[in-house]
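Note sheet for the following structure.
Residue numbers (this note's numbering): -10 to 989.
In structure tokens:
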């Protein structure tokens, strides 16, 4: 043993003994080596105790060697403390200062100075896991020329091979084979290997999300220019899941005492890290794999007693190897209790019957470590996140994939293949199949993938040996209060029994009643043991009461088809639901660069520099900076807006309308799709025509509006409100993907790709004629709600539309974004002879409000239908659409629904505050506005928009008023800021009611 590390072997392991690394743990300095984790360094220094449990304060120790760890969590001190990191996966680096946690951490309130970023890539084949199956899959796929991305959460490739470096793989030692495959992947031009990268989410269309540790391993701190972590968004044509399996513990009395460890973890610490958890070991197992820990400990110089729960013991080959090594094996026995509080002092061993009850008196075996193997749980999290089918394999004693998800492949231990060559064969075959499915010729990789994976599947059970399904072992003292199932949550078998006693039958209900599987390990330690315990305590009517719908659940459950007094199998109960993230992910990593000034980044159009140079003041609309108005020297907002309105109504003005949302909808069914989304129809809209449309939510309330252009038979271009672009695109995708997937429709945001310039006013036709001299812009040659593809005088291609949001003759010029500024300047030059005037959003609002054109979100509030806005004409009665059914509800036809009207203050100079409440004149009683009224005052509605109109020569507003159209001509009282003012209710349209100005 190494002198400064009492439990470190003098040789062996995949550590760099030439590079010692100091680690500060709770103020005490310990030493490890490069290649260690914090946990392996602690083991090498003889420290298995890591803290106390979260609720009961019981001493806890290192249990595992991977991401499933429920006990060993640390807080890493630094510029920004990071909490709840598993010591079992935290790579040992210089300068690391950690504090052991008692199962719960505290977020550092100081800002995190590190950088985080994101990467979006496409792959032909993405492989998750770099054990023998994953490496073989990635190598085979890369050999075809496919673009391959390999994810591995560890800082070393190899997976299970890291604990058996001398095992022969394709005729060479495993460690050498791993290096050979790594070299091949590094040499492949289209392969990318991402170590320290955990794929934590799997979504539709093979969209994987992973987090990569980028800089912590370099010197322990983040470096300038190198992000600390990176979120990878990978969209793959094909995915190979080679995610391995997790070993399960056995539930027995006091199984949480430090020194009780998973057998595979003991093997890992001894063989990968050359760190021996104890000198006197008891290995208790229900399957053949536990013997690997016994051999590893024996070779490390420890004394070992094997306790095999199976009456027949190990399979012949494993039993022969144990006998040859001189291992002492007790068959048909189990550990029934532990002596010790802060460390294992002894294990009590007894024979057990078929139900795990003791038979005879227990025997006390002095030991300092108990290695436990209760079988294996395939890591099906990513498979199940995609709703991949599972089933309980009674011979393998685990939930395994029934079949892969479409365009995905599974290989290795995730399928229950628990021997190296079988994993390699399955992985190579999966990689070859994935590459071929992605369109690559597999001839160059045929040799690597030509082994028979079917034979591997048939050999699984024989290779694995029998696993006894031993879920809980009765203790010496009776009861189950110290039989821990979920160590992080301090949940015991007694908690499960309490849940079933309260009537819980679904594993999901038990999970929530007890909080089992809700900790960091997400059920990797305790979920299957919980399910197994339920098979012990449920029967008869309990079994028939198990609700259906769980992953891996047998058909017929919940229908009464599951029979009588027999106990249910784990398959009858099913597994818990798997959700992303697979392992915890820092919020800072998910945010990436979207923090501080970039949290809600300001968006500007390509014309923004011109606006700034010409003195525009800006307002925020959504994320966009939009010109509010353009004051000249000596002008306030009212004067500037009045001047801009006069230009638009009497001459010509122009506006940057680039910020409107723009979405292209393509596909053979695009017209049908839009007809279902909007209240009016689009299938028969002619190419070259445009139509205004309103979309509603299922409750019939207005959601957004805009203009739709038909560019081709299978191609439409839709605009949205500036602030609604993202939510509308999400809305379209939701209906396309989840409700009408049979429709041939693709939606693409093109907001950033187009600059839009609105040219408005009686002289706008003259300006457009100069901008596009080859275009017939006459009244008869270019009708309202039409558009033309043309080439501008400057040679720039453009799309010009006859659309108005002011009621005036107006055109909109659309050009690719990179031409936006040039075309804006060309419009300014073309209109100079007509004194063209730029105008901003305030003027736009005045102009549209005079015509009662609503702004969704301002003149609507989620309770407003098109009919309430006076837009019955836009609601089709000949087709169905989202929200149509709601219009048959009585509430939608009520006479007192709020309707859009205009309100005219009796004081023509008074500009009402938006939001001012409207009441009946006699509703105030004696209330003067001071304090609170004696009784509630019924409100009729509120002011939604309020401006001063240059054209009307007075102030006015739009309002939503109960039975508003029936109140036209009435006088109401506006209440605001402790004041009252009389207003007259009028028709919503106040200017050019006939629409005569629209066509010039």
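Just so it is clear, CB atoms sit at the ideal spot from N, CA and C, and this is done for glycine as well.
DSSP state of residue i mapped onto helix, strand, coil
{"i": "residue 811", "result": "helix"}
{"i": "residue 615", "result": "strand"}
{"i": "residue 803", "result": "strand"}
{"i": "residue 34", "result": "coil"}
{"i": "residue 337", "result": "strand"}
{"i": "residue 828", "result": "coil"}
{"i": "residue 876", "result": "helix"}
{"i": "residue 709", "result": "strand"}
{"i": "residue 771", "result": "coil"}
{"i": "residue 553", "result": "With a pLDDT of only 49 at residue 553, under 50, the local geometry of the prediction cannot be trusted, and the value read off the model is given with reservation. Coil at residue 553, not helix or strand."}
{"i": "residue 438", "result": "Note that residue 438 has pLDDT 49, beneath the 50 cutoff, so the model's placement of it is unreliable and the number below is only indicative. Helix, per DSSP."}
{"i": "residue 853", "result": "coil"}
{"i": "residue 991", "result": "The question about residue 991 has no answer here: the residues shown for the chain are numbered -10 through 989."}
{"i": "residue 27", "result": "helix"}
{"i": "residue 469", "result": "coil"}
Closest residue to residue i among the options (Cα-Cα distance)
{"i": "residue 759", "options": "216, 91, 817", "result": "817"}
{"i": "residue 67", "options": "31, 100, 704, 330", "result": "100"}
{"i": "residue 624", "options": "605, 642, 640, 609", "result": "605"}
{"i": "residue 164", "options": "409, 525, 919", "result": "409"}
{"i": "residue 154", "options": "120, 141, 180, 187", "result": "120"}
{"i": "residue 680", "options": "455, 204, 320, 790", "result": "790"}
{"i": "residue 996", "options": "544, 516, 326, 399", "result": "For residue 996 there is no data in the structure shown, the boundaries of the chain being -10 and 989."}
{"i": "residue 178", "options": "273, 205, 132", "result": "132"}
{"i": "residue 894", "options": "882, 937, 793, 519", "result": "937"}
{"i": "residue 264", "options": "4, 810, 314", "result": "4"}
{"i": "residue 608", "options": "419, 381, 711, 513", "result": "711"}
{"i": "residue 171", "options": "203, 138, 199", "result": "138"}
{"i": "residue 557", "options": "485, 846, 535", "result": "535"}
{"i": "residue 345", "options": "108, 460, 708", "result": "460"}
{"i": "residue 849", "options": "949, 778, 908", "result": "949"}
Between the CA atoms of residue j and residue i - distance to the nearest angstrom
{"i": "residue 93", "j": "residue 476", "result": "12 angstroms"}
{"i": "residue 941", "j": "residue 981", "result": "11 angstroms"}
{"i": "residue 11", "j": "residue 21", "result": "6 angstroms"}
{"i": "residue 576", "j": "residue 217", "result": "13 angstroms"}
{"i": "residue 114", "j": "residue 426", "result": "9 angstroms"}
{"i": "residue 156", "j": "residue 361", "result": "23 angstroms"}
{"i": "residue 553", "j": "residue 495", "result": "With a pLDDT of 49 at residue 553, under the threshold of 50, the modelled position of this residue cannot be trusted; read the value that follows with caution. Those two C-alpha atoms are separated by around 18 angstroms."}
{"i": "residue 911", "j": "residue 635", "result": "39 angstroms"}
{"i": "residue 724", "j": "residue 530", "result": "41 angstroms"}
{"i": "residue 999", "j": "residue 201", "result": "Because the chain in this structure spans residues -10 to 989, residue 999 falls outside the shown range and cannot be described."}
{"i": "residue 572", "j": "residue 532", "result": "33 angstroms"}
{"i": "residue 966", "j": "residue 682", "result": "37 angstroms"}
{"i": "residue 551", "j": "residue 226", "result": "Because residue 551 sits at a pLDDT of 49, beneath the cut-off of 50, its placement in the model cannot be relied upon, and the point is left open."}
{"i": "residue 193", "j": "residue 375", "result": "7 angstroms"}
{"i": "residue 26", "j": "residue 76", "result": "7 angstroms"}
{"i": "residue 588", "j": "residue 103", "result": "15 angstroms"}
{"i": "residue 438", "j": "residue 524", "result": "Low per-residue confidence applies at residue 438: pLDDT is 49, beneath 50, and the placement is therefore not dependable, though the value from the model is reported in the following sentence. Computed Cα separation, rounded: 41 angstroms."}
Range covered by the alpha helix (DSSP H) that runs through residue i
{"i": "residue 560", "result": "559 to 562"}
{"i": "residue 753", "result": "753 to 760"}
{"i": "residue 639", "result": "626 to 639"}
{"i": "residue 502", "result": "496 to 503"}
Element boundaries [beta strand (DSSP E), containing residue i]
{"i": "residue 951", "result": "943 to 951"}
{"i": "residue 224", "result": "218 to 230"}
{"i": "residue 404", "result": "Here residue 404 belongs to no beta strand (DSSP E), and DSSP marks it neither H nor E."}
{"i": "residue 114", "result": "105 to 117"}
{"i": "residue 1072", "result": "Missing from the structure shown is residue 1072; the chain here goes from -10 to 989 and no further."}
{"i": "residue 326", "result": "322 to 328"}
Residue i at chain C interface by Cβ criterion, 8 angstroms
{"i": "residue 452", "result": "Of the chains in the structure shown, none is chain C; there is only one protein chain."}
> Between the segment 610 to 629 and the segment 818 to 829, do three or more beta carbon pairs fall short of 8 angstroms?
Replying inline: yes
>> Any contact between the segment 652 to 667 and the segment 760 to 773? By contact I mean 3 or more CB pairs, one from each, below 8 angstroms.
In response: no
>> Tell me whether the segment 848 to 857 and the segment 649 to 662 touch, counting them as touching only if at least three CB pairs, one residue from each stretch, are closer than 8 angstroms.
In response: no
>> Would you call the segment 28 to 37 in contact with the segment 121 to 137, where contact means no fewer than 3 C-beta pairs closer than 8 angstroms?
In response: no
> When the Cβ atoms of the segment 473 to 488 are set against those of the segment 404 to 422, are three or more pairs found closer than 8 angstroms?
Replying inline: no
>> Does the segment 505 to 519 come into contact with the segment 322 to 341, if we say contact requires no fewer than three beta-carbon pairs (one atom in each stretch) closer than 8 angstroms?
In response: no
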